[in-house]
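Terminal number for the sequence shown in our numbering: 172, no gaps in between. Even for Gly, the Cβ is constructed at its ideal location relative to N, Cα and C.
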Amino acid sequence: MGWMRTLVVVLFAGLALAQPTLRLEEGWVRRVPGNITAAYMVLYNPTDQPLKIVGASTPIATRVEFHQTTQAGQEDHLDLSAMRRVEALTVPARGRLKILPGGYHLMLYGLREKNPQPLAEGQKVPITLRLEGGASLTFTLTAQMR
């Protein structure tokens, strides 16, 4: 009977380890009066495998897209930035993904369709990230003017 209990414990431990996990180290949603805003965060992946984020959603917006801000015109000494959509974001194994102003960010569209009132300072905003393989994780960010 003891070996069966050990087997069950090992199986449950294996299942727990198989669940993808990310840690939110910092995060906020830019508080703006308009219909579009951005969400920022720093995610840490404590696992030995990179984790690919393939989608996101939030109840405060009709659509969430991943974007990257890039600097253009460096050779002409012009300070131009451009934004391009990216299909997925990868958090490296035992590493961080910084989704911060000037780099990657989540664009939230259709705020007015979901919220007649603008976001309030300090309002809690749930963001669900969908990982490759079907798992999803929800983090709570705070609306802030920054």
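Check                                                                                                               : Outcome
Beta-carbon proximity list for Thr-47, same chain, < 7 Å, skipping 5 on both sides                                  : Pro-72, Thr-73
Cβ neighbour criterion (16 or more within 10 Å) applied to Thr-164                                                  : exposed
Contact check, Leu-167 vs Ala-87, beta carbons under 8 Å                                                            : no
Closest residue to Arg-120 among Val-80, Trp-54, Gln-170, Gln-75 (Cα-Cα distance)                                   : Gln-75
Short Cβ contact (8 Å threshold) for Arg-49 with Leu-69                                                             : yes
Rounded Cβ spacing between Pro-59 and Pro-144 (contact assumed at less than 8 Å)                                    : 5 Å
Nonlocal neighbours in the same chain, by C-beta distance under 6 Å from Val-35, ignoring five residues either side : Its pLDDT being 42, under 50, Val-35 is placed unreliably by the model, and nothing is read from it.
Helix, strand or coil at Leu-48 [DSSP, three-state]                                                                 : coil
Between the CA atoms of Gly-160 and Pro-142 - distance to the nearest angstrom                                      : 32 Å
Buried or exposed by the 16-neighbour rule on C-beta atoms within 10 Å, applied to Ala-114                          : exposed
Simplified DSSP state of Ala-39, which is helix, strand or coil                                                     : Low per-residue confidence applies at Ala-39: pLDDT is 43, beneath 50, and the placement is therefore not dependable enough to give any value.
Inter-residue spacing [alpha-carbon to alpha-carbon] between Ala-82 and Met-171                                     : 22 Å
Paired residues, beta bridge with Glu-91 - DSSP                                                                     : Met-133
Exposed unless 16 or more other CB atoms sit within 10 angstroms - verdict on Thr-84                                : buried
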